[in-house]
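Here the structure comes first, spelled out in structure tokens, and everything after it is commentary.
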Amino acid sequence: MVEHRTTRIGLIGCGFYAQNHLHAWGDLKSQNAELVAVCDQDPIKAEAAGRRFGAAWFTDAATMLESMPIDLLDITTRMGSHRALAAMAAEHKIAMIVQKPFAPNWDECVAIVENARAHGTWLAVHENFRFATSMRRVKAVLDSGAIGDPNWARISFRTGFDVYLGQPYLAQEDRLVILDVGIHVLDLARWLMGEVAHLSCETQRRNPNIKAEDTATMILKHETGAVSIVEATYEARRIPDQFPETLVEIEGTKGSIIVTRGEKMVVTTQGLSFEENIGGPLLSWTSRPWHVSQEAVLHTNAHMLTSFRAGRDAETSGVDNLKTFALVEAAYESAVSHASVKPKKWSPKA
Ligand code: NAD
Ligand code: 89V
Numbered sequence: 239m240v241e242h243r244t245t246r247i248g249l250i251g252c253g254f255y256a257q258n259h260l261h262a263w264g265d266l267k268s269q270n271a272e273l274v275a276v277c278d279q280d281p282i283k284a285e286a287a288g289r290r291f292g293a294a295w296f297t298d299a300a301t302m303l304e305s306m307p308i309d310l311l312d313i314t315t316r317m318g319s320h321r322a323l324a325a326m327a328a329e330h331k332i333a334m335i336v337q338k339p340f341a342p343n344w345d346e347c348v349a350i351v352e353n354a355r356a357h358g359t360w361l362a363v364h365e366n367f368r369f370a371t372s373m374r375r376v377k378a379v380l381d382s383g384a385i386g387d388p389n390w391a392r393i394s395f396r397t398g399f400d401v402y403l404g405q406p407y408l409a410q411e412d413r414l415v416i417l418d419v420g421i422h423v424l425d426l427a428r429w430l431m432g433e434v435a436h437l438s439c440e441t442q443r444r445n446p447n448i449k450a451e452d453t454a455t456m457i458l459k460h461e462t463g464a465v466s467i468v469e470a471t472y473e474a475r476r477i478p479d480q481f482p483e484t485l486v487e488i489e490g491t492k493g494s495i496i497v498t499r500g501e502k503m504v505v506t507t508q509g510l511s512f513e514e515n516i517g518g519p520l521l522s523w524t525s526r527p528w529h530v531s532q533e534a535v536l537h538t539n540a541h542m543l544t545s546f547r548a549g550r551d552a553e554t555s556g557v558d559n560l561k562t563f564a565l566v567e568a569a570y571e572s573a574v575s576h577a578s579v580k581p582k583k584w585s586p587k588a
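Adding 238 to a residue's 1-based position in the sequence shown gives its number in our numbering.
Below you can see the structure in the form of structure tokens.
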């Protein structure tokens with residue numbers, strides 16, 4: 239095993255979901271990632287995280303970045319603070335990982351990417367659905383050619399789980415299900431089926447007690463000619479509920495890959511089929527029903543650490559995530575116009 243010089247990790251935003259990041263960095267200590275500092279505006283959360291995970295704690299991000307030797311910063315706050323915190327990291331020439339959603343809108347995402355490039359700082363987005371054990375297995379089967387060329391898919395995240403319990407702010411967002419979880423499913427669609435030429439979207443607000451859309455149904459036409467249906471809802475009424483699993487159906491020229499509830503995969507190839515359980519293990523700090531998401535955090539952070547150390551872009555680099563965010567914006571635009579929309583494209587300024 240290659241020994242690596244220690245990578246000193248800083249984390250800003252010790253809230254609900256960051257606990258999974260903190261545990262994951264703890265597990266990656268075995269790969270010489272050392273959590274040296276945590277920060278939260280809330281002093282109680284900052285101290286609790288610092289004490290629990292053995293790091294210095296701060297309530298001011300600038301003070302932490304100025305006083306602590308940090309190689310890789312994990313920004314796990316909510317999207318409204320991402321641009322300012324990313325700018326602070328870039329000013330200090332500190333590599334950074336930004337939680338999803340990258341930012342509240344396209345222009346802010348582009349500003350973060352262009353500012354990081356101007357400062358020569360490494361930038362990635364913590365987009366973790368593609369790093370779940372189950373999704374990596376789907377991608378491996380797809381890439382093996384077992385089902386031939388993929389030409390149709392349905393990728394769905396349908397739950398009635400009370401997401402507002404751990405994330406109460408979701409009920410007040412101006413844009414909800416596409417920006418919060420549709421963003422993950424759209425990233426999977428790009429990653430599994432290829433870039434998108436155009437898409438259409440219909441949204442619904444089926445829960446009268448929240449502000450924004452809680453259901454989105456999208457049809458994507460990929461540049462390969464493939465078509466995929468991408469779905470996201472927080473208003474499903476099913477038992478068993480699939481949270482937090484993503485169900486996948488991919489059909490190709492030689493077969494199909496079907497992932498059903500309980501992370502069971504059935505592959506049909508050349509007229510034969512086999513079944514496989516593709517879920518990852520429960521870890522010492524993961525528990526149902528969040529286990530799939532939590533385990534994905536560990537694999538995502540490991541990927542970020544490896545990519546950063548190798549000086550190469552993460553799969554979900556800032557530039558890559560612009561392609562996913564462009565689909566989010568196209569979906570919202572289509573939901574208003576009811577027309578098909580081509581996603582925005584970004585290219586580096588000359
Ligand atoms: P949260 O509100 O529970 O935690 C955010 C924390 O950041 C708060 O404690 C707040 O005090 C702190 N904070 C905000 N601005 C700060 C600043 N400038 N300096 C220091 N601290 C600051 O939010 P959450 O539910 O944990 O969500 C955080 C992010 O994680 C969101 O973007 C959410 O979409 C994302 N998330 C991702 C996944 C996933 O990766 N699958 C799952 C759930 C949530
Ligand atoms: O993964 C997420 O971003 C979470 C949830 C699973 C609720 O969508 O916000």
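Even for Gly, the Cβ is constructed at its ideal location relative to N, Cα and C. Remember, it's a predicted structure, so these values are computed and weren't measured experimentally.
Have a look at residue i and residue j and give me their C-alpha separation to the nearest angstrom.
i       : j       : result
Thr-441 : Val-557 : 27 Å
Trp-429 : Cys-277 : 33 Å
Ala-325 : Gly-490 : 43 Å
Glu-346 : Ser-511 : 46 Å
Gln-279 : Thr-506 : 51 Å
Phe-481 : Ile-421 : 16 Å
Ala-341 : Ile-516 : 32 Å
Ser-305 : Val-535 : 27 Å
His-460 : Asn-447 : 35 Å
Gly-493 : Gly-288 : 50 Å
Ala-204 : Pro-478 : Within the shown structure, residues of the chain are numbered from 239 to 588, placing residue 204 beyond reach of any answer.
Met-585 : Asn-559 : Position check: residue 585 holds Ser in this sequence, whereas Met was assumed. If you take the alpha carbons of Ser-585 and Asn-559, they lie about 13 Å apart.
Val-415 : Ala-300 : 32 Å
Asp-298 : Val-419 : 29 Å
Ser-394 : Asn-445 : 19 Å
Leu-417 : Val-530 : 20 Å
Glu-553 : Arg-290 : 31 Å
Trp-263 : Gln-508 : 42 Å
Ser-466 : Tyr-407 : 30 Å
Lys-338 : His-364 : 6 Å
Ile-313 : Gln-257 : 12 Å
Ala-427 : His-330 : 35 Å
Glu-501 : Met-373 : 9 Å
Glu-571 : Val-579 : 7 Å
Quick one: residues in its chain with C-beta nearer than 8 Å to the C-beta of residue i, no 5 flanking neighbours on either side, listed in chain order?
i       : result
Leu-543 : Thr-245, Leu-266, Gln-269, Ala-271, Leu-310
Going along the chain, which residues of its own chain have a beta-carbon closer than 6 Å to the beta-carbon of residue i, five neighbours each way excluded?
i       : result
Thr-462 : Gly-432
Lys-567 : Note on residue identity: the sequence assigns Glu, not Lys, to residue 567. Around Glu-567: Trp-344.
Pro-307 : Arg-246
Glu-513 : Val-504
Arg-392 : Ile-467, Glu-487
Here's a check: name, in chain order, each residue in its chain whose Cβ is nearer than 7 Å to the Cβ of residue i, leaving out the five neighbours to either side.
i       : result
Ala-349 : Arg-321
Thr-524 : Gln-532, Glu-533
Leu-187 : Residue 187 cannot be examined here, being either before or after the span of the chain that is shown, 239 to 588.
Phe-254 : Gly-404, Gln-405
Glu-285 : Trp-295
Ile-332 : Leu-303, Ile-308, Leu-311, Thr-359
With 16 other CB atoms within 10 Å as the buried threshold, where does residue i fall?
i       : result
Glu-411 : buried
Asp-425 : buried
Thr-538 : buried
Ser-522 : exposed
His-576 : exposed
Leu-260 : buried
Lys-583 : exposed
What residue range is occupied by the uninterrupted alpha helix (DSSP H) comprising residue i?
i       : result
Arg-396 : Per DSSP, Arg-396 belongs to no alpha helix (DSSP H); it is in the beta strand (DSSP E), 388-396.
Met-431 : 421-431
Gln-532 : 529-548
Gly-253 : Element bounds for Gly-253: n/a, residue is neither H nor E.
Lys-377 : 371-381
Can you tell me where the beta strand (DSSP E) with residue i in it begins and where it stops?
i       : result
Thr-245 : 245-250
Asn-515 : 510-515
Phe-296 : 294-296
Gly-490 : 485-490
Gly-493 : 493-498
Ile-335 : 333-337
Ser-578 : No beta strand (DSSP E) contains Ser-578, which DSSP labels as neither H nor E.
Ile-282 : Segment 281-291 is the alpha helix (DSSP H) holding Ile-282; no beta strand (DSSP E) there.
Glu-411 : It is not in any beta strand (DSSP E) - Glu-411 carries neither H nor E in the DSSP assignment.
Ala-454 : 453-460
Met-503 : 502-507
Practice task
State whether the stretch 449-460 contacts the stretch 485-504, with contact taken as three or more CB pairs (one from each stretch) at a distance under 8 Å.
Solution key: no
Exercise for the section: Kindly confirm or deny that the stretch 347-360 and the stretch 465-485 touch, where touching means at least three C-beta pairs closer than 8 Å. Expected result: no
Problem - Contact between the stretch 364-374 and the stretch 384-393 (3+ Cβ pairs under 8 Å) - result: no
Exercise for the section: Decide yes or no for the touch test of the stretch 274-290 against the stretch 244-263: beta carbon pairs closer than 8 Å, at least 3 of them. Expected result: yes
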